[in-house]
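Protein chains: 2
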Amino acid sequence: MSEPTLLVLAADPPPRLGRLTGRVRVTYADEDTLAAQLPLSDALLVWNFTSDAVRLAWPGEGPRPRWVHTPSAGVDRLLCPELAESDTVVTNARGIFEVPIAEYVAALVLAMAKDLPGTLELQRQRRWRHREGLGVAGTRALVVGAGPIGRATARMLKAIGVRTALVGRTARTGIHGVRDLDPLMARADWVVCAAPLTDDTRGMFDARRFDLMQPSAHFINVGRGPLVVESDLAAALDKRWIAGAALDVFEHEPLAPDSPLWDVPGLIVSPHMSGDTVGWRDRLGEQFVEMYELWAAGKPLPNVVDKKRGYVPMHDDSPD
Amino acid sequence: MSEPTLLVLAADPPPRLGRLTGRVRVTYADEDTLAAQLPLSDALLVWNFTSDAVRLAWPGEGPRPRWVHTPSAGVDRLLCPELAESDTVVTNARGIFEVPIAEYVAALVLAMAKDLPGTLELQRQRRWRHREGLGVAGTRALVVGAGPIGRATARMLKAIGVRTALVGRTARTGIHGVRDLDPLMARADWVVCAAPLTDDTRGMFDARRFDLMQPSAHFINVGRGPLVVESDLAAALDKRWIAGAALDVFEHEPLAPDSPLWDVPGLIVSPHMSGDTVGWRDRLGEQFVEMYELWAAGKPLPNVVDKKRGYVPMHDDSPD
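Quick mapping for you: the protein sequence lines, in order, are chains B and X. When we follow the working numbering, the leftmost residue of the first sequence carries the number 4, and every step to the right adds one. When we follow the working numbering, the leftmost residue of the second sequence carries the number 4, and every step to the right adds one.
Put into structure tokens, the structure is as follows:
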């Protein structure tokens, strides 16, 4: 067998890829040259995982990579009907982002409970104004999304004393199905969205659902922007249907300087960074190299995406 | 036995005190009238616990309250040599502040790890700038102070994945003695001060100790202001000896509007609020009423301060 061709969507070589030198022919593509190179490649590493180029350039028929890897948790930017229907295997970066995102959500919950944004604003004004924080222990969280990120987040929130329920697509042991979402939202102090973006989940957090929440409750999105109807969230905060919110992901990223979201009262805006901790690119490169070695040896790959569902199923995920 | 006289240092009646109606004669004092009323009182509730008045007004000899209760964790504002040497029992509010302060410290650790202050400042400027957070799991914390607040804080930090060491006055099972403080500070990512203010601990965090810390490390004080030499901390941040700090307590409170601490780079200033969560005054009032009932019945009181040491000893605290 001749050296396989690995196509990398990236301007610069990802870290750790040098370890494969001599065992694979690596070529690089940008968004413009991707379509021409896809038919010539055996595997594709979508290093520039925020790009829509793969979805746009994926060949309908004929030669194409047999394996596509994205160094991200979500695969929503990648999947198109042609790729979903093909026999090309798609894998993701399960294992890298779980704990960082869980920590980030805990940071937001605790910061909102203790009004850290208010403290920092008062500090800027050199004003000493004592306030009472919220006790976090014994409050209720609802984590929406029962994949590894949602589960790690639920574990972290439980660890800091929050009574946490988890909602997934289907009910399983310890996990509520989507049918329980509305009643659980109505009694949660913290609603955390960590769901994948699919046709089923797009826009699931809308005015009707924010209206279900308690006026004292907070909403956090670390999933994907389009899970939330942003204008509905802004209105819910404006009308004080809910007490606060934090968005790390947005319908359009980067958020435009003139977006009204920047200064919605009670909304924390962060630049899609919840999963990205020092060394993350190295870890993603390492993970890819390990997966490449399995693939080149003809061994089964981990983290295989169910392309119909749009995410990597968990071991306890029931079939459709 | 005639009705005992309970003197309350407060402008307004504390919550829950009405439950004692008919069983105790309650009188109120302010800072000016305290000295005259102390000799006439059987018990003293220092509801206004931020006042220095008790220390200043405590009678040297002669009649005085047999019991003094402060609804705070620290007793540093209260104790004077005459009170320490008398047979008056002093109690504190152990049990109320532990979990709130532990949560507050976790909020600060996570917020600093994820650069939430930077995120909020960028949001104000409507700037999208992706940054990498620190992974908190596996980092090292040192909690100084092995009382219930330090222990609750250590438990909370361990719960979020931080390897946490605890330093107390003397070494005990699972707790380092003060001798280990310097080497432990040198390798900690997070140094948290939750120690009582005593003659031994005043000024313990000074230039020499900040210089021991790693340039990537952070310092947090939720104990008492004078444990830290504030100008040394400001200099350590200024010279980048350490990466960041958060002070919830200060040498002089409230912090003056012209204090240079308000805008030391990398320093979070909060208004002594770490232990104060919604409902805390009610809980403090309830705790006092329960303790009053024990005292009036001649039963032993919990939370009795060792007036020589300046705090309530733990069950595993060795004698001098």
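We put the beta carbon where it would ideally sit given N, CA and C, even for glycine.
Report task. Would you tell me roughly how many angstroms separate the C-alpha atoms of S321 of chain B and T173 of chain B, rounded to the nearest one? Result -> 7 angstroms
Query raised in the report: Distance, Cα to Cα, V29 of chain B vs R129 of chain B?
Result: 56 angstroms
Query - Exposed unless 16 or more other CB atoms sit within 10 angstroms - verdict on L297 of chain B - result: exposed
**Report entry** Cα-Cα separation, V325 of chain B to F253 of chain X
**Finding:** What is shown of chain B runs 4 to 323, which leaves residue 325 of chain B out entirely.
Query raised in the report: Taking C-alpha atoms, which residue in X:G25, X:D285, X:D185, X:V102 lies nearest to G153 of chain X?
Result: X:V102
Query raised in the report: Any idea what DSSP makes of D235 of chain X, helix, strand or coil?
Result: helix
Query raised in the report: Among X:Q217, X:P74, X:V195, which one has its Cα closest to the Cα of E293 of chain X?
Result: X:P74
Requested in this report: Identify, in the order they occur along the chain, each residue of the same chain with its Cβ nearer than 8 angstroms to the Cβ of P120 of chain B, setting aside the five sequence neighbours on each side.
Outcome: A114, I271
Query raised in the report: Residue range of the alpha helix (DSSP H) that R127 of chain X falls in?
Result: 119-127
Query raised in the report: Looking at the structure shown, is W283 of chain X part of a helix, part of a strand, or coil, going by DSSP?
Result: helix
Query raised in the report: Counting Cβ pairs, one atom from each stretch, are 3 or more of them under 8 angstroms apart for the region 177-188 of chain X and the region 91-107 of chain X?
Result: no
Requested in this report: Could you please give me the residues that DSSP links to Y31 of chain B through a beta bridge?
Outcome: B:V11
**Report entry** Touching by the beta-carbon criterion (3+ pairs, under 8 angstroms), the region 214-223 of chain X and the region 177-197 of chain X
**Finding:** yes
Query - Three-way DSSP call (helix, strand, coil) for T173 of chain X in this model - result: coil
Report task. Have a look at Y295 of chain X and F213 of chain B and give me their C-alpha separation to the nearest angstrom. Result -> 46 angstroms
Query raised in the report: Starting from R143 of chain B and walking both ways along the beta strand (DSSP E), at which residues does that stretch end?
Result: 143-147
Query - Beta-carbon contacts of G136 of chain X that lie in its chain and below 8 angstroms, excluding the five residues immediately before and after - result: A116, K117, D118
Report task. Please check if any C-beta of chain B sits within less than 8 angstroms of the C-beta of G136 of chain X. Result -> yes
Query raised in the report: Taking the DSSP output, what are the residues bridged to W131 of chain B?
Result: In the DSSP output, where bridge partners are listed per residue, W131 of chain B has none listed.
Query raised in the report: Which residues, in chain order, does the region 225-249 of chain B contribute to contact with chain C at a C-beta distance below 7 angstroms?
Result: Of the protein chains in the structure, B and X, none is chain C.
Query raised in the report: When DSSP builds the beta bridges, which residues end up paired with V267 of chain X?
Result: Paired residue(s): none; V267 of chain X is not in a bridge.
Query raised in the report: For the candidate residues B:K310, B:M317, B:D319, whose alpha-carbon lies nearest to that of R80 of chain B?
Result: B:K310
Report task. Using 10 angstroms around the beta-carbon of D90 of chain X, count the other beta-carbons present and answer buried if the total reaches 16, otherwise exposed. Result -> exposed
Report task. Determine, using beta carbons only, whether L160 of chain X and A109 of chain X come nearer to each other than 8 angstroms. Result -> yes
Requested in this report: Taking T156 of chain B as part of the alpha helix (DSSP H), name the residues at either end of that continuous run.
Outcome: 151-162
Query raised in the report: Under 8 angstroms between C-beta atoms, does K302 of chain B make it to chain X?
Result: no
Query raised in the report: Which whole-angstrom value is the C-beta distance of A96 of chain B and L264 of chain B, which I expect to be below 8 angstroms?
Result: The Cβ separation is near 27 angstroms, so there is no contact.
Requested in this report: Please check the pair A210 of chain X and A191 of chain X, which I expect to be a contact at CB under 8 angstroms, by giving their CB distance rounded to whole angstroms.
Outcome: Not quite, the Cβ-Cβ distance comes to about 17 angstroms (not below 8 angstroms), so this is no contact.
**Report entry** When B:A149, B:L43, B:L169 are compared against G65 of chain B, the one with the closest alpha-carbon
**Finding:** B:L43
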